[in-house]
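Numbering (the working numbering), first residue to last: 1451 to 1805.
C-beta atoms are modelled at their ideal positions from N, C-alpha and C, and glycine is treated no differently.
Notes follow once the structure below has been shown.
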């Protein structure tokens, strides 16, 4: 699939929604081109059978197994490796492929969208996820951060924060970093059904959540330690975060609100100005007047933030697409940077709005 003019890109994660979003973004990318996508269960099968909406761009594309993808990586002088494999599976697979490619002299960058490399310690990861880490010796090769909060990765590979973590971090980093608030940060977010994955599960399957709205894992969501760690890395401040996630009756998108007490009296315009300065020159973050609307960002890599303040307290509202800005798009943004490309490459398309 590569004509030599663009850097070959490989995708782990088979037929999942994030993999499909990566393929969609790669189809229009000026510097990367899909060279292989892994699915052991569908090896040899047509990509378009799993993702019919991509038939026009991957009409002849086929899934490959791990051995074939590894051989393809070894033959590539340089390559981009995107992993949308599940937590607990990704680490060992990535470790194997990185070691193999490196032994062949390939220049390789990896962005992992799973949680496997988001923590600096295998012990912390194991405490949060309840199973052993698949490649603890590889953790030091990864940095976990939003591209908006770290100019350059100090490591060759990056772990992208989760979708709820993405929205929350965009809201709280300016509050913490600029010293605007004191006391706990209270976050409440609603996510679409694609955030629960492609396999139907009772309680998260779309027909079950259609025309419904409910909280889950209140005050104990597993993204909380990740958010606190990333916020501390970005600002030097340890957040006191209370988070309640909700399942929404829509397919994709996240709407999240953070509330906190202001350290000193501020009007909404003053807080908005702080946020605008904090995210100046960050092409995918827009500070909007009034509350942001999710339809304005769904299926795009943009995040819209709105601010309200009454002098004593502040509310920051964030909307992102969970599959794009919260996963595949954020990963593409990082990969662009790792290869020295314009971080906006392949990501400038606006939201369709009327979906």
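My output table needs one value for residue i: the three-state DSSP class, helix, strand or coil.
i, result
"residue 1758", "strand"
"residue 1487", "strand"
"residue 1501", "coil"
"residue 1714", "strand"
"residue 1609", "strand"
"residue 1779", "helix"
"residue 1631", "strand"
"residue 1465", "coil"
"residue 1700", "coil"
"residue 1789", "coil"
"residue 1480", "coil"
"residue 1639", "strand"
"residue 1656", "helix"
"residue 1457", "strand"
"residue 1707", "strand"
"residue 1451", "Note on residue 1451: pLDDT 43, under 50, position unreliable in the model; the coordinate value appears next. If DSSP states are grouped into helix, strand and coil, residue 1451 belongs with coil."
"residue 1582", "coil"
"residue 1738", "coil"
"residue 1408", "No answer is possible for residue 1408: it lies beyond the span of the chain, which begins at 1451 and ends at 1805."
"residue 1592", "strand"
"residue 1764", "strand"
"residue 1651", "coil"
"residue 1753", "strand"
"residue 1747", "coil"
Please report how far the alpha carbon of residue i lies from the alpha carbon of residue j, in whole angstroms.
i, j, result
"residue 1456", "residue 1471", "19 angstroms"
"residue 1596", "residue 1690", "20 angstroms"
"residue 1699", "residue 1656", "7 angstroms"
"residue 1794", "residue 1733", "7 angstroms"
"residue 1578", "residue 1538", "12 angstroms"
"residue 1480", "residue 1459", "12 angstroms"
"residue 1718", "residue 1759", "5 angstroms"
"residue 1584", "residue 1553", "20 angstroms"
"residue 1668", "residue 1695", "6 angstroms"
"residue 1462", "residue 1529", "13 angstroms"
"residue 1494", "residue 1555", "28 angstroms"
"residue 1726", "residue 1708", "17 angstroms"
"residue 1780", "residue 1603", "14 angstroms"
"residue 1512", "residue 1746", "34 angstroms"
"residue 1562", "residue 1535", "8 angstroms"
"residue 1752", "residue 1771", "8 angstroms"
"residue 1575", "residue 1687", "21 angstroms"
"residue 1469", "residue 1738", "30 angstroms"
"residue 1663", "residue 1640", "9 angstroms"
"residue 1492", "residue 1510", "15 angstroms"
"residue 1716", "residue 1628", "13 angstroms"
"residue 1497", "residue 1773", "19 angstroms"
"residue 1452", "residue 1526", "Per-residue confidence for residue 1452 stands at a pLDDT of 42, beneath the threshold of 50, marking its modelled position as unreliable; no derived number is given."
"residue 1651", "residue 1665", "16 angstroms"
"residue 1454", "residue 1586", "Caution applies to residue 1454, whose pLDDT of 48 falls short of 50 and renders its modelled position unreliable; the value that the coordinates give is listed next. The alpha-carbon atoms of residue 1454 and residue 1586 are separated by roughly 34 angstroms."
"residue 1581", "residue 1542", "13 angstroms"
Considering only C-alpha positions, which residue in the set the options is nearest to residue i?
i, options, result
"residue 1521", "1546, 1533, 1504", "1546"
"residue 1590", "1568, 1602, 1598, 1579", "1568"
"residue 1508", "1523, 1524, 1475", "1475"
"residue 1466", "1477, 1639, 1482, 1487", "1487"
"residue 1661", "1573, 1774, 1642, 1651", "1642"
"residue 1570", "1549, 1675, 1715", "1675"
"residue 1601", "1786, 1705, 1797", "1786"
"residue 1638", "1530, 1628, 1477, 1615", "1615"
"residue 1503", "1725, 1669, 1477, 1531", "1477"
"residue 1645", "1512, 1505, 1776, 1791", "1776"
"residue 1681", "1782, 1669, 1635, 1694", "1635"
"residue 1756", "1748, 1744, 1750", "1744"
"residue 1704", "1605, 1588, 1723, 1613", "1613"
"residue 1731", "1792, 1483, 1501, 1628", "1792"
"residue 1721", "1773, 1735, 1692, 1763", "1763"
"residue 1778", "1501, 1797, 1723, 1517", "1797"
"residue 1728", "1684, 1632, 1501", "1684"
"residue 1799", "1557, 1749, 1482", "1749"
"residue 1742", "1501, 1724, 1706", "1706"
"residue 1605", "1483, 1789, 1519, 1710", "1789"
With a cut-off of 8 angstroms on the beta carbons, I'd call residue i and residue j a contact; round off their distance for me.
i, j, result
"residue 1621", "residue 1766", "4 angstroms"
"residue 1677", "residue 1593", "Not confirmed; about 16 angstroms, so no contact."
"residue 1784", "residue 1610", "6 angstroms"
"residue 1712", "residue 1626", "Contact flag wrong, Cβ pair sits at about 13 angstroms."
"residue 1533", "residue 1506", "Not quite, the Cβ-Cβ distance comes to about 26 angstroms (not below 8 angstroms), so this is no contact."
"residue 1550", "residue 1523", "7 angstroms"
"residue 1559", "residue 1607", "6 angstroms"
"residue 1515", "residue 1540", "Rounded, the Cβ-Cβ distance is 16 angstroms, inconsistent with contact."
For a cutoff of 8 angstroms on Cβ pairs, would you count residue i as touching chain D?
i, result
"residue 1553", "No chain D is present in this structure, which holds just one protein chain."
Counting only runs of 4+ residues fully inside the region 1490-1565, write out the alpha helix (DSSP H) ranges in chain order.
1497-1500, 1516-1525, 1540-1553
Scan the region 1663-1698 and note each continuous beta strand (DSSP E) run of 3 residues or more that stays entirely inside, going in chain order.
Complete beta strand (DSSP E) runs here, min 3: 1691-1697.
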